[in-house]
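Down below is the structure, laid out as structure tokens.
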Amino acid sequence: MADNNNSCVALYSAHDQAEEAVRVLQKAAFDIKKVSIVGKGYHREEHPIGFYNTGDRIRFWGAQGAFWGGVWGLLVGAALFWIPGLGPVVMAGPVVAALVGALKGAVAVAGLSALGAALYSIGIPKDSIIRYETALKSDQYLIILHGNQTEVERAHEVLATGKPTDIAIHLS
Amino acid sequence: MKPESPFFKESVHCLMQSPLFSGLAQSVVEEMVTRCRRETWKRRRQLPMEETWQRFHILLSGRVRLSRSNPETGRMITLFLLGPGDPFCIFSLLDGKPHDVILDTLDDLSLLSLPMKEARQWLYEHPEFNRTLLPYLGEQMCALSGLATDLALHDTETRLARLILRHLDAPATVQEHISPRLINNLSNESLAAMIGSVRVVVNRQLQHWKQEGIVDSHRGYLMVEKLNDLTQRAEQKLADTADTAPATLQ
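These protein sequence lines map, in sequence, to chains A and B. If you read the first sequence in my numbering, its first letter stands for residue 1, the second for the next number, and so on. If you read the second sequence in my numbering, its first letter stands for residue 1, the second for the next number, and so on.
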């Protein structure tokens with residue numbers, strides 16, 4: 001069974017809950033390289049948003065700059081994409097590589113955005129993706145733990161004790 | 001699953017439609033769903049029951065085949081084909097033991113699961129569930145006895161006709177253009193495994209019926225065109241057909 005095609009996906013309605021979930025996974029000794037986070041990049045149109053690097057690492061300019069800066073400091077990979085239908089989407093972790101892979105390979109899955117195609121490529125089924133995209137549009141955050149079946153089941157146990165609005169495991 | 005989950009309502013709705021849970025109050029079903037974990041499994045996943053029996057699973061969408069096979073001959077017999085609303089590992093729920101069964105996912109699945117211990121606790125707390133569980137188990141036992149009877153007493157044509165008829169849920173008054181549920185779009189090999197036969201024989205039989213206008217089939221999609229004729233085939237006994245059936249169909 002391919003490690004990267006199993007995942008535990010949790011939805012959070014607030015960024016501080018999502019950040020806490022990342023820290024809980026880190027405390028529970030999960031490999032932080034296998035954790036991804038996805039959220040919308042802006043919440044009020046009057047705020048400028050940006051993505052910059054003035055020194056050692058990439059930073060995010062916007063209402064949630066501190067949050068994304070902290071998350072990017074913890075996780076591997078960072079990106080901001082403008083995705084039709086979703087707007088600016090900020091993400092970190094292996095999901096970035098999946099999205100770039102989907103874009104490079106021109107992966108198209110009927111009815112799904114580029115982000116949806118990326119999630120599909122990591123083993124998440126279409127009907128779940130549609131709900132996740134809807135949740136992202138309503139300013140929720142996705143935390144994804146990629147791993148083998150044992151890891152994703154353990155992640156479910158750990159994260160279910162927090163405050164996710166939804167949590168599921170996706171097995172290939 | 002939490003009640004605020006975007007999947008909660010549809011999960012409850014799916015269970016309320018199933019024979020096993022439909023007799024329960026919605027609040028009881030909702031309480032069951034809150035104890036469960038939501039999972040999705042990809043199509044073509046094959047698992048021995050040793051990997052699944054410690055959790056009780058309820059299908060929300062997709063189909064699962066439970067089968068046994070002989071590793072020496074490669075022959076396989078399908079014991080159950082399950083669809084939305086059906087549970088699996090139900091025998092392990094009752095006796096607390098794994099069973100020698102292989103589980104195949106025929107579609108991408110969405111399901112609920114909870115540890116067996118919690119499922120038993122839920123059963124203990126909701127004895128009213130037994131009113132639907134016992135008839136459901138009775139149906140499963142009848143299905144197994146039907147399979148044993150078919151294998152022992154009927155020829156392939158009769159077994160295939162009976163299989164298709166078991167999966168029709170149209171009213172008896174409808175005589176044509178009925179599509180069976182669950183077994184539709186299965187390969188002929190899968191159909192063969194459900195009646196203890198092989199792909200070539202099932203393929204030949206379906207072609208034969210197609211020429212007679214009894215069924216229509218394209219890429220696994222079956223349509224019954226002459227229900228009465230198919231019913232007649234299903235009612236044939238081995239003894240009646242032994243002299244007349246073509247040897248190739250035995």
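For glycine and all other residues, C-beta sits at the position ideal for the given N, C-alpha and C. If you're wondering where the values come from, they're calculated on a predicted model, not measured in any experiment.
- The C-beta distance from I37/A to G93/A rounds to 6 angstroms, short enough to fall under 8 angstroms.
- Distances from the CA of R57/A to each of W68/A, A63/A, G73/A, Q64/A were compared; the closest alpha carbon is that of G73/A.
- A Cβ of chain A is located within less than 8 angstroms of the beta carbon of W41/B.
- P48/B is outside the set of residues whose beta carbon lies under 8 angstroms from a beta carbon in chain A.
- Less than 8 angstroms divides the Cβ of N6/A from the Cβ of V152/A.
- The Cβ atoms of C89/B and W41/B lie no closer than 8 angstroms to each other.
- Per DSSP, R199/B is one residue of the alpha helix (DSSP H) stretching across 199-212.
- In the three-state reduction of the DSSP assignment, H218/B falls in the strand class.
- Among the residues facing chain A, S5/B is included, as its CB has a counterpart in that chain under 8 angstroms away.
- Per the coordinates, the alpha-carbon of V22/A lies some 14 angstroms from the alpha-carbon of S13/A.
- A straight line joining the alpha-carbon of T34/B with that of K2/B spans about 6 angstroms.
- At least one beta carbon of chain A lies nearer than 8 angstroms to the beta carbon of K2/B.
- Excluding residues up to 5 positions away in sequence, L111, S113 lie with their Cβ nearer than 7 angstroms to the Cβ of E39/B in the same chain.
- Less than 8 angstroms separates the beta-carbon of I83/A from that of S113/A.
- The continuous beta strand (DSSP E) containing A168/A extends over residues 166-171.
- The residue from R68/B, V224/B, I102/B, L94/B with its alpha-carbon nearest to that of L134/B is L94/B.
- Taking the C-beta atoms as reference points, K40/A is found no nearer than 8 angstroms to D166/A.
- Using a Cβ-Cβ cut-off of 8 angstroms, S110/B is close to P125, D127, S128 of chain A, given in chain order.
- Note on geometry: alpha-carbon atoms of M116/B and P125/A lie some 26 angstroms from one another.
- Excluding five sequence positions before and after G23/B, the CB atoms of its chain that fall closer than 7 angstroms to its own CB belong to R131, T132, given in chain order.
- Between P6/B and Y136/B, the C-beta spacing is not below 8 angstroms.
- In terms of Cβ geometry, Y120/A and V9/A do not form a close pair [threshold 8 angstroms].
- L109/B and E10/B have their C-alpha atoms spaced approximately 14 angstroms apart.
- The C-beta of R63/B comes no closer than 8 angstroms to any C-beta of chain A.
- Taking a Cβ-Cβ threshold of 8 angstroms, the residues of chain A close to R38/B are D166, I167, A168, I169, in chain order.
- For S113/B, the enclosing beta strand (DSSP E) starts and ends at 109-115.
- G83/B and R45/B have their C-alpha atoms spaced approximately 16 angstroms apart.
- Proximity of chain B to T134/A at the Cβ level (cut-off 8 angstroms) is accounted for by P6, in chain order.
- For H156/A, the nearest beta carbon of chain B is closer than 8 angstroms to its own beta carbon.
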